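Throughout the sequence shown, residue numbering follows our numbering, covering 77 to 399 in sequence.
Where a beta carbon is used, it is the ideal one built from N, C-alpha and C, also for glycine.
Here the structure is a predicted model, which means the values were calculated and not measured.
Here the structure is laid out as structure tokens; the discussion comes afterwards.
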Amino acid sequence: MNDDLDRMLQESLRQRRAAADPRLRVGPRVRGGLPLEGGPSLETPPEGVGTLGTASQIHVSGGPHLAVPVHRLDGPVRADRAAACDAGPAGLTTGYRLLATGIQKCYHKGGVEIPVLWGLNMGVRHGEFLAIIGQSGSGKSTLLHLLGTLDVPDRGEIHFDGHRIDNLPAAGRDILRNRHFGMIFQFYHLLPELTTLENVLMPLMIDCGAWQFFRRRRQQRARATELLGMVGLSHRLKHRPRELSGGEMQRAAIARALIAQPDLLLADEPTGNLDQETGREIIGLLRALNQQQNLTIVMVTHDQAIAAQADRTVRLVNGRIEQ
């Protein structure tokens, strides 16, 4: 897992260097990660090219559980601060599993530009359960899609375990989502023609390929069955989505998100389509995963009571995080 991400990051860096100057000979990878603010870099890339560290430090679970506030990063974005964000969050990535700096995102409808996120800064520590709350249309889902590399910001940077990810090529983003990120959506997105067990196995089928999956099918099925038992669906392995309740479908979606043993779980309104009691059960399950497996979780919700179950809650207002 780590070797694949390491190669992916190195390839991204080589491509960027070649694009900046096709005559440039590519040397060894950049050592020492991002430079401290005001300090020298061990290896200076060509102008316009970002700096990446080695991916060898990425691991499955990150350090002790830290239910402590993250230092406030947000505030008015001045021209000099925006420029600093665009240049990279020098010295700020240490200690953060996920870090977004200077994020701007606009959508265009006809000839009208609609700003959604404007100068947003946010950090999530290893093992933290963070809830993002805001009014409908405040950009919560947009932010989660950017963090999960389903979309790219217009400006700013997103770093995962100290490595910039918002500018990765499409193949690199696919690897990141398949092997390091788990995602839960409000509408489940289970394939109707597959059983519950097959839906949970689908990410492994896609990642491994048919032949590799066939060779390891017993091990993979055992893992999926174990996860479904953990979320209370041992009796629903062969049922299709139409035969499941809303809560059961969301539990199956959680098991599917966990099948690749992700480092980070992103949840977009995971209780939005559920009744209050079932919603509490789902949040209880996420809380248990966070505490027992030290899983880092970022959840967006409109429900203040649901958000209160997290370690920390931040509010999205006017395209920025208000803490």
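Span of the beta strand (DSSP E), counted from its first residue to its last, around residue i
i, result
"Gly178", "172-185"
"Pro191", "188-201"
"Gly232", "231-236"
Beta-carbon proximity of residue i to residue j, cut-off 9 angstroms
i, j, result
"Gly178", "Leu196", "yes"
"Gly323", "Glu357", "yes"
"Ala343", "His265", "no"
"Gly355", "Ile382", "yes"
"Tyr183", "Val200", "no"
"Asp242", "Gly258", "no"
"Ile397", "Leu341", "no"
"Ile335", "Pro279", "yes"
"Ile251", "Leu175", "no"
"Gln180", "Trp194", "yes"
C-alpha distance - residue i paired with residue j, whole-angstrom precision
i, j, result
"Thr218", "Gln326", "21 angstroms"
"Arg388", "Trp287", "43 angstroms"
"Gln295", "Leu277", "11 angstroms"
"Gly248", "Leu223", "14 angstroms"
"Ala246", "Thr225", "9 angstroms"
"Leu371", "Arg240", "21 angstroms"
"Asn254", "Ile282", "9 angstroms"
"Asp19", "Asp230", "No statement about residue 19 is possible, as the shown extent of the chain runs from 77 to 399 and does not include it."
"Leu304", "Gly215", "32 angstroms"
"Leu263", "Asn349", "This sequence places Phe at residue 263; Leu is not what is there. Rounded to the nearest angstrom, the two C-alpha atoms are 7 angstroms apart."
"Val393", "Phe236", "24 angstroms"
"His256", "Leu273", "21 angstroms"
"Lys185", "Gly213", "15 angstroms"
"Ala298", "Glu204", "29 angstroms"
"Arg105", "Arg293", "Note that Arg105 scores 31 on pLDDT, short of 50, meaning its location in the model is unreliable; the coordinates nonetheless yield the value given after this. Looking at the two C-alpha atoms, the distance is approximately 37 angstroms."
"Gln368", "Gly360", "12 angstroms"
"Thr301", "Gln337", "14 angstroms"
"Pro317", "His311", "13 angstroms"
"Val390", "Ala364", "21 angstroms"
"His202", "Leu362", "16 angstroms"
"Met198", "Phe290", "41 angstroms"
"Gly238", "Leu320", "40 angstroms"
"Val188", "Leu309", "47 angstroms"
"Asn275", "Asp339", "21 angstroms"
"Glu353", "Asn366", "20 angstroms"
"Gln380", "Cys284", "40 angstroms"
"Ile190", "Leu244", "25 angstroms"
8 angstroms contact criterion, which residue i and residue j should meet: CB distance rounded
i, j, result
"Gly395", "Val228", "That belief does not hold up - the Cβ atoms of Gly395 and Val228 are roughly 16 angstroms apart, past 8 angstroms."
"Ile209", "Thr377", "6 angstroms"
"Ala331", "Val307", "5 angstroms"
"Thr271", "Leu220", "Rounded, the Cβ-Cβ distance is 28 angstroms, inconsistent with contact."
"Ala384", "Met375", "Rounded, the Cβ-Cβ distance is 12 angstroms, inconsistent with contact."
Residue i - partner residues in DSSP beta bridges
i, result
"Phe205", "Ile373"
"Glu429", "Residue 429 falls outside the range modelled here, since the chain spans only 77 to 399, and no answer is possible."
"Asp344", "Val376"
"Gly258", "Leu341"
"Arg240", "His235"
Enclosing alpha helix (DSSP H) for residue i [first to last residue]
i, result
"Ser217", "216-223"
"Leu280", "272-284"
"Ile330", "322-334"
"Leu304", "293-306"
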